[in-house]
Each structure stands twice: as structure tokens, then as C-alpha cells.
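One structure is given below, encoded as C-alpha cells.
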Amino acid sequence: KAPATRRFATIPLLDSIPIAFDSAAPGPRNVGWRSDCPETLVWAEAADGGDPAVEPEDGVRDVVYQMHAPLAEGSKRTVLARLPWRYLGVAWLDAGHAVVGEKWYKKRSLRWHLLAPGESEAK
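To get the working numbering, take the position in the sequence shown, counting from 1, and add 2.
Listed below in C-alpha cells is the structure:
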């Protein structure tokens, strides 16, 4: 018997993304599995619509989410981090710690945050 599958996201044609550095596609991106926590999916979404020219009211450009199994319709996602720049990636250290990266091309800058998943958001 084949394992059960579920469509996580349907991504439309990305022909309306602004042609600028630090633009991002709407919807889920950089989807992956947590290496320290079984059956947990992690991804980022642009909170500013993906347009770097838009100044977000709350200062948040990207939100990093996670969702624990079962990944059924209506499953609850939780916020791992709210980032003022674009999500770059995450390195899972152990069940208690992770390092989340963000970037902003206009400033030619990268930042890394130590995160304790389940306790608080990136600082």
C-alpha cells in the first residue's frame, strides 16, 4: 500500500512578482522538514505580499511557519519567526534550538537568529 499523500500548496504561475531584488512569491516557499522533530513541516510566506517597495506596517516581511503531523486539511500552523527581511533558511541544531537566517539585498546584509522552537519567536 502506498503512503498517504496530501497536496500542501498549489502555486500559480509567478508572472506578477515585482522585478526587483528582495521580491518574493506569494504563498508558501522554501518548504522543508524539520530534521530535529519528526513529521513537522516548515515554510516561509511573504507577509508584505512579496513586494519590497511596500513598507510593512508592523515591520514584518516574512513569517516562518511550522505544522506538525497529521498534515490533514485544517491542521493548525504555528509561527516560528516573524522577520523584517526575507527568509534565507534554517539550520536545526537539536529539539531545543535552531538558527534562522534572513537577508536584505539592498543593504547587502545577512542576519542569523537563535531560535528556541516552541518557546518564543526569533529575537
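Glycine residues also receive a C-beta, built at the ideal position from the N, C-alpha and C atoms. If you're wondering where the values come from, they're calculated on a predicted model, not measured in any experiment.
A direct Cα-Cα distance of roughly 11 Å separates residue 58 from residue 87. The C-alpha of residue 66 is placed about 5 Å away from the C-alpha of residue 82. For residue 39, the closest alpha carbon among the candidates 49, 108, 7, 95 is that of 95.
Residue nearest to residue 23 within the set 115, 109, 117 is 109 (criterion: CA-CA distance). Secondary structure at residue 108: helix, using DSSP grouped into helix, strand and coil.
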